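Okay, so here's the structure we're looking at.
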Amino acid sequence: MSDISRSINKVDNDEKITGKAVYIDDIKLENMLYAKTVRAEITSGTIIGRHYPEMPTDYHIVDYLDIPGNNYVKIIFEDMPVFVKDKVGYYGEPIALVVGPDKQVILDIISQIVFEYDAIAPIYDYVDSVIHYDYEKGVGEAVFEPANRVIEYTYETGYQEHVYIEPQGVIGDTDGDKISVYGSIQCPYYVKNALINTLGMDEKKVRVVQTTTGGAFGGKEEFPSLIACQVAVAVKKIGKPIKLIYNRVEDMAYTTKRHPSTIRMEAAIDEQNNILGFRAHVSLDGGANIGLSSVVLQRAMIAATGVYNINNLAISGDVYRTNTVPTGAFRGFGAPQMIFAVEMFIHHIAKELGIDPLILRNKYMAKQGDSTSTSGHFRDPIIMKDMIARAKELADYDHKIKLYGEHMPTKDMPGIGMSWFLHGCGFTGSGEQKHIKAVVRLHKDVGDIVTVLVAAVDMGQGIKTTMRKLVAHVLELPIEQVIMHNPDTDLVPDSGPTVASRTLMIVGALVSQAAEKLKENWLAGKEQIFEEKYKQPKYIQWDEESFQGNAYPGYSWGVNIVEVAVSPVTYEVTLKGTWSVYDVGKAIDERIIMGQADGGLLQGISYGMLEVMENKDGMVQQKTVTDYIIPTASDTVNMITELMDNPFELGPFGAKGAGELTLIGGAPAVALAIENAIGKSVTKIPVTPEYIMSLIEGE
Amino acid sequence: MLSGANSAANSEIYNKIKSEISSKVSNEVSNEMNSELSSKANNTVKNSMSKVTFVLNGQAVESSENPTKRLLDILREDHGLVGAKEGCGEGECGGCAVLLDYKIVNSCLTPLGSVQDKQVITIEGLSLSTEGQTIKKAFEDYGSVQCGICTPGMMIATASLLHHNQKPTEAEIREGLSGNLCRCTGYNMIVKAIQYLADEKGELWC
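Read top to bottom, the protein sequences are chains A and B.
Here this note's numbering is used: the first sequence runs in plain steps of one and ends on residue 699.
Here this note's numbering is used: the second sequence runs in plain steps of one and ends on residue 1206.
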């Protein structure tokens, strides 16, 4: 049997390259109407009057009065209304839809709608905590009593907008009895469960189908449930198919983004310059609705030690409600903020102590068998030593760090930075067992064609290719004999959401097990169905209250080295090179993982140096791709990546998660490179020219 | 960057591609397009003065729509050519790119009236040509495609770049793609595919 990592032609290449792939905005149904959102024009307060104009024939207002079930979007925290009833939490919060056949007429109607408000003073500061967690490891807080010295730094991270090139969109349809929603989504069953809750309908009367999804990165995890509910309510009221597609401005101003954070880190140091323990506090800006921010906070807090083994910890965190657009899921899910803080902090500790950062980092680098931040154990081999050595060799790091560290006044200030990071794969703690309960199915028809029935969506990460490849490999069949369609909740079981780097490792493992069973019981020419359900490995013991135990079934690891040049005149940062080594267990398709590596790293680097999104008086200031800058091909360099195999016992063919990992190290690596170039401590991302100027000239 | 164009050679290549495309298109979409067009024409006798005629994927077409209407909407709504995507609506993302006289333009910023007597090639047309097939194979081999929403625009950008510069340097390739945003790939594998095309398939473009 050939090595499974050997790349094959992706199964959706043809339709995507030739323009035949059908995205949500490419669908036009007969008698279809269009919808546009009517939004609040205050940041905080109450609606005390609604004045809708008289509606022309075939045009409709749809608002909270039309909701048959519950007026909240079923996520984790039930605080996001489908349509505002009275209380407005942020500027642009959706109040109603205007629906009709002509888009221009809809805009004319919206311009005539008037709301009266009773506005109250908005909150933008971190004062209204709605979620609080804390946990300890070892002696916890008490380790600070005997400390010889305490080193404290505070780190700040900004918003990050997903900028999937395909904006959010859904289409609702009905046959009079059942409601179907088609959309650009990551989690068909999240949407379905939200629809059941809001429509108050039986689960058999609601169906969700994923259309080819033009990028997501977490942005289509929970947000689509909101617009799917709105459109479904409209379809139920009007009885015709309705399309809602966001334009770029709406998408950037009013959909979820990565949580801005403030992270205070403290280290207790003894007389021999040993790190006795960390104290940390994470503040996340949740925006007006909490949504799934609690889970983002958990992941950030658990990442508090990064790749290092620190024996004593006292970690706390809060999600604060503010009168701003809700924040939500984004590739990395709390880890990018915390890994940035930890990687900078370990360097800043070394600087304060006068120790070579590399020596300090190596001393605390976690090894197999060491305890995790939550007092669980790193059960599996950790090959970071080899990975770091290889990355350094590829980048010529040891030579450059000495050379660049001199801060010679040259035309451009060169700098190099190296981040080490890990990512816990799958849901935190017992999430898979308690909340997700994944089910997968394989169906073989009489022609011996095997269909993979899972709710996982391909949003560019190639899961349609890798799932088919997995099954074909187990069954020793040509890949053409294995089929996987975009999920339709009428046809696939709930294998869980396409999030948390869980799809290959968790869902893929179940699919692989089902394939093994099918292989053992193969009856040529007969219809056969095999189903598998998730069973939590025995070693996962997790206490949600105290954050104690094994938070994740397995970890993927990475090393990023980034080289930059900083202009001494404009302080602009130019990317000069990137070198990365990853341990994702075993690549199911090497080229697909390389693609994840390139794209993830660039998102991480630009999060660290380029992507500025600000909120002023409750309003997002960068609402177009002209104002919110993401890298172009000209801003990017040839990125060098290598993979090191380290097969994971429970992953299919040894595979672990890869999607999020590749983003996490980018920001600290580029921030460290800039720090190296300018010789000043960087404590905030994005590291813009303005910030560099304040560091250099601000003294 | 695209100054190396030789107009005589360009029109020759263009004609070659045009004939390739038109012979294939006629079998696939043109019937549908023609019937749509003729029914449209019958319904809109409103102002024959403002009719815009152009060549779309090798077929002569005419439109009675308002000449200020976006070419993107004409393609998607009137011709069912939905391969060009609207990502930003302001000419920044390149998702809606098409070839206008074999040069890349953003169809969201192109008024219908400005394509009068010109040749428009969309991804649907390009992918039927030998050039398009060659670029497609390179995109497949180098892993250039992830979510796919930018891919038609990247195909158009590649064709436009190589048509005007058969041997682009890496910097020129990056410049040539800089009007097309991709959020998935980091551009690495797209750049590599084009480097391969420039190194190995140069004869197609010269």
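Quick reminder that beta carbons are idealized off the backbone N, C-alpha and C, glycines included.
Quick caveat, the model's predicted, so the values are computed rather than measured.
Determine, for residue i, whether the minimum Cβ-Cβ distance to residues of chain B falls below 8 Å.
i	result
N560/A	no
Y582/A	no
G31/A	For the record, residue 31/A in the displayed sequence is Asn; it is not Gly. No, N31/A lies away from the interface with chain B (no Cβ there is under 8 Å from its Cβ).
D543/A	no
D370/A	no
M484/A	no
D598/A	yes
M613/A	no
E166/A	yes
A21/A	yes
A633/A	yes
G215/A	yes
I630/A	yes
L602/A	yes
N9/A	yes
V625/A	yes
When DSSP labels each residue in this structure, what does residue i get in the three-state scheme?
i	result
G273/A	The question names Gly, yet the displayed sequence has Asn at residue 273/A. Looking at N273/A - three-state DSSP - the assignment turns out to be coil, as it is neither helix nor strand.
D26/A	helix
T1053/B	strand
H1163/B	helix
V98/A	strand
M459/A	coil
Q621/A	coil
A1198/B	helix
N1188/B	helix
S5/A	coil
N309/A	coil
K1040/B	The predicted position of K1040/B is uncertain, since its pLDDT is 43 and thus under 50; no value can be drawn from it.
M467/A	helix
G1132/B	helix
N13/A	helix
R248/A	helix
V231/A	helix
Taking residue i and residue j to be in contact with their CB atoms under 8 Å, please state how far apart those CB atoms are, rounded to whole angstroms.
i	j	result
G608/A	I685/A	5 Å
T211/A	I27/A	7 Å
V319/A	S294/A	6 Å
Any beta carbon of chain A sitting closer than 8 Å to that of residue i?
i	result
T1185/B	yes
C1108/B	no
G1087/B	yes
T1151/B	yes
K1069/B	no
V1191/B	yes
G1202/B	no
N1188/B	yes
S1127/B	yes
S1136/B	The sequence given here places Lys at residue 1136/B; Ser does not occur at that position. True, the Cβ-Cβ gap to chain A drops below 8 Å.
Q1146/B	yes
I1123/B	yes
Start and end of the beta strand (DSSP E) containing residue i?
i	result
I593/A	No beta strand (DSSP E) contains I593/A, which is instead part of the alpha helix (DSSP H) from 590 to 609.
F421/A	413 to 425
A395/A	That residue, A395/A, is in no beta strand (DSSP E); its alpha helix (DSSP H) goes 384 to 395.
S1063/B	1059 to 1063
G317/A	312 to 321
E152/A	149 to 157
V1115/B	Run containing V1115/B: none; DSSP gives neither H nor E here.
A1097/B	1097 to 1100
With residue i as the anchor, note down where its alpha helix (DSSP H) starts and where it stops.
i	result
D134/A	No alpha helix (DSSP H) contains D134/A, which is instead part of the beta strand (DSSP E) from 129 to 137.
Q337/A	335 to 353
V296/A	293 to 302
Y364/A	357 to 364
R441/A	Unbroken run through R441/A is the beta strand (DSSP E), 439 to 444; no alpha helix (DSSP H).
Can we count residue i as close to the ligand ATP, meaning its CB is less than 7 Å from some heavy atom?
i	result
Q337/A	Among the components of this structure there are no ligands whatsoever, and the ligand ATP is therefore not found.
Where in the stretch 160 to 223 of chain A do unbroken runs of the alpha helix (DSSP H), each at least 4 residues long, occur, reported from the N-terminal end onward? 188 to 199
Please give me, in chain order, every unbroken run of the alpha helix (DSSP H) with length at least 4 that falls completely inside the stretch 651 to 681 of chain A. 661 to 664, 666 to 678
What are the uninterrupted segments assigned as beta strand (DSSP E) that are 3 or more residues long and contained completely in the stretch 499 to 576 of chain A, given in chain order? 528 to 533, 554 to 566
Can you list, in chain order, the stretches of the alpha helix (DSSP H) that have 4 or more residues and sit fully within the stretch 29 to 56 of chain A? none
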